[in-house]
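Residue 19 in numbering that gives the first Met the number 0 sits at position 20 of the sequence shown, and the numbers go up by one each step.
Below: the structure, in structure tokens.
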Amino acid sequence: MTCSDSDEKYMKAALLQAEKALVKNEVPIGCVILREGKIIARGYNRRTEAGNVLAHAEIIAIQKACRKLQDWRLEDCTLYVTLEPCPMCAGAIVQARIPRVVIGCMNPKAGCAGSILDLFHEERFNHQVETRTGVLEADCSALMKRFFAVLRKGWKEKKALRRAERLQQEAADGAITEPAARKLPAKMKEA
Ligand SMILES: [Zn+2]
Numbered sequence: 000m001t002c003s004d005s006d007e008k009y010m011k012a013a014l015l016q017a018e019k020a021l022v023k024n025e026v027p028i029g030c031v032i033l034r035e036g037k038i039i040a041r042g043y044n045r046r047t048e049a050g051n052v053l054a055h056a057e058i059i060a061i062q063k064a065c066r067k068l069q070d071w072r073l074e075d076c077t078l079y080v081t082l083e084p085c086p087m088c089a090g091a092i093v094q095a096r097i098p099r100v101v102i103g104c105m106n107p108k109a110g111c112a113g114s115i116l117d118l119f120h121e122e123r124f125n126h127q128v129e130t131r132t133g134v135l136e137a138d139c140s141a142l143m144k145r146f147f148a149v150l151r152k153g154w155k156e157k158k159a160l161r162r163a164e165r166l167q168q169e170a171a172d173g174a175i176t177e178p179a180a181r182k183l184p185a186k187m188k189e190a
């Protein structure tokens with residue numbers, strides 16, 4: 000198996016983790032940590048469910064790997080993550096001395112593996128991280144897009160509902176003006 004084939008194989012495992020987050024209405028980010036050809040830790044974003052800003056996929060996986068190895072150094076490991084790590088996770092990866100990180104899609108709004116900052120190739124740190132990006136990129140970003148499309152649809156529906164409720168209340172109060180009345184949905188005008 001070539002390096003690229005095995006990267007795709009383990010990114011698929013990270014994608015499975017991301018899907019678990021999606022099912023729970025969390026931003027779908029998944030992570031696995033590989034050591035000596037075996038996945039030793041998995042994690043997916045649980046920030047909302049846990050009510051904890053630290054509950055990112057990478058942090059959860061790093062904690063599990065440290066527990067398993069009884070070591071804070073993850074020196075022989077490769078970390079696979081579906082989205083470019085944020086500053087906190089990139090920092091934890093550097094702290095854990097993880098030598099290699101494989102990334103699915105980039106995160107132009109918060110990514111610290113090259114998008115906003117590159118904490119993995121900062122020569123002033125005592126540890127640099129070999130980085131490979133764009134592995135199963137289309138699958139990783141499709142998952143993110145699916146999540147945000149559903150979220151936006153929910154927002155729009157909530158907004159429309161609030162507006163309809165407000166107009167209905169105004170009509171009931173007799174405070175409604177003609178132009179506002181014309182904006183009422185057809186169903187409500189009949190009522
Ligand atoms: Zn993070």
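We put the CB at the ideal spot given by N, CA and C, even for glycine.
- Positions of the beta strand (DSSP E) runs, each at least 3 residues long and wholly inside the segment 104-131, are given as 129-131 in order along the chain.
- Contact between the segment 116-130 and the segment 162-172 is absent: fewer than 3 CB-CB pairs across the two stretches fall below 8 Å.
- When the five nearest sequence neighbours on each side are left out, the beta carbons in the same chain lying within less than 6 Å of the beta carbon of Ala-95 are those of Ile-61, Leu-73, in order along the chain.
- Taking 7 Å as the cut-off, one finds no heavy atom of ligand 1 near enough to the beta carbon of Pro-27.
- Cys-65: member of the alpha helix (DSSP H) spanning 56-68, first to last residue.
- A straight-line Cα-Cα distance of about 5 Å links Gly-103 and Val-134.
- Contact between Ala-56 and Gly-90 is absent: CB atoms are separated by about 15 Å, not below the 8 Å threshold.
- The beta-carbon distance between Ile-58 and Cys-88, rounded to whole angstroms, is 6 Å. This is short enough to meet the 8 Å contact definition.
- Of the heavy atoms belonging to ligand 1, none sits nearer than 7 Å to the Cβ of Glu-122.
- Proximity of the beta carbon of Glu-48 to ligand 1 is not indicated: no heavy atom of the ligand is located closer than 7 Å.
- A distance of 8 Å or more separates the beta carbons of Ile-115 and Cys-76.
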